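**Student:**
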Amino acid sequence: MLKKLAKKLFGEASSVQSSEGFFLNVRCNSCGEVFNLFINKSTDLAQNFDERGGVTYSLSKEIIGSRCRNLIHVKMEFDGGKTLVSRDIENGEFIEE
Ligand SMILES: [Zn+2]
């Protein structure tokens, strides 16, 4: 039902970088394992309020693979329109497509 509403509001997305979410592609620094995680912008982002009453969003994700014990920590910041403004990763690297 929510999905239908989102489509109604924003229209059909034509690319992977849709209004509903995006793929987070990271590689483990320790063993090279690759992770492709789908981030749903409606459910995975945390809402933050700044001192002026504005809204921003953030994502904090910990990824641990099956091959090693390296814990990858991803942090992303989004503006009020859920557009990515900054990102940071520890113990891994972002894979660009
Ligand atoms: Zn690993």
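Sequential numbering from 477 applies to the sequence shown in my numbering.
Just so you know, even glycine gets a beta-carbon here, dropped at the ideal spot from N, CA and C.
Only a predicted model underlies this, so the values are computations on that prediction, with no experimental measurement involved.
1) CB of glycine 541 to nearest heavy atom of ligand 1: below 6 Å?
2) Between the C-alpha atoms of valine 561 and aspartate 555, what's the straight-line distance to the nearest angstrom?
3) I need the straight-line Cα distance from arginine 543 to isoleucine 571, nearest angstrom please.
4) Got a sec? Which residues, its chain only, sit under 7 Å from aspartate 520 by beta carbon, not counting five neighbours each side?
5) Under the assumption that lysine 558 contacts tyrosine 533 (Cβ atoms under 8 Å), give the Cβ distance between them as a whole number of angstroms.
6) Flag asparagine 567 as yes when its Cβ comes closer than 6 Å to any non-hydrogen atom of ligand 1, and as no otherwise.
7) CB of serine 574 to nearest heavy atom of ligand 1: below 6 Å?
8) With glutamate 566 and arginine 503 assumed to form a contact (beta carbons below 8 Å), what rounded beta-carbon distance in angstroms separates them?
9) Helix, strand or coil, according to DSSP, for aspartate 526 in the structure here?
10) Using the Cα positions of glutamate 527 and arginine 563, report the straight-line distance between them to the nearest angstrom.
**Tutor:** To lay it out plainly:
1) Translated into positions along the sequence shown, residue 541 becomes position 65. If you check the C-beta of glycine 541 against ligand 1, you find a heavy atom less than 6 Å away.
2) Reading the sequence shown from its first residue, position 85 is the one you call residue 561. Reading the sequence shown from its first residue, position 79 is the one you call residue 555. Between valine 561 and aspartate 555, the C-alpha separation is close to 7 Å.
3) Taking the first residue of the sequence shown as position 1, residue 543 is located at position 67. Taking the first residue of the sequence shown as position 1, residue 571 is located at position 95. Between the alpha carbons of arginine 543 and isoleucine 571 lies a distance of about 18 Å.
4) In the sequence shown, counting from the first residue as 1, residue 520 sits at position 44. Taking C-beta separations shorter than 7 Å and ignoring five residues to either side along the sequence, the partners of aspartate 520 in its chain run Leu535, following chain order.
5) Residue 558 sits at position 82 when you count from the first residue of the sequence shown. Residue 533 sits at position 57 when you count from the first residue of the sequence shown. Taking C-beta atoms under 8 Å as the contact rule, lysine 558 and tyrosine 533 qualify, at a distance of about 6 Å.
6) In the sequence shown, the residue the question calls residue 567 occupies position 91. No, ligand 1 has no heavy atom inside 6 Å of this Cβ.
7) No answer is possible for residue 574: the residues shown for the chain start at 477 and end at 573.
8) In the sequence shown, counting from the first residue as 1, residue 566 sits at position 90. In the sequence shown, counting from the first residue as 1, residue 503 sits at position 27. The pair is not a contact, with the Cβ atoms about 13 Å apart (cut-off 8 Å).
9) Within the sequence shown, the letter at position 50 stands for residue 526. DSSP places aspartate 526 in the coil class of the three-state scheme, outside both helix and strand.
10) Your numbering for residue 527 matches position 51 in the sequence shown. Your numbering for residue 563 matches position 87 in the sequence shown. When rounded, the distance between both Cα atoms is 22 Å.
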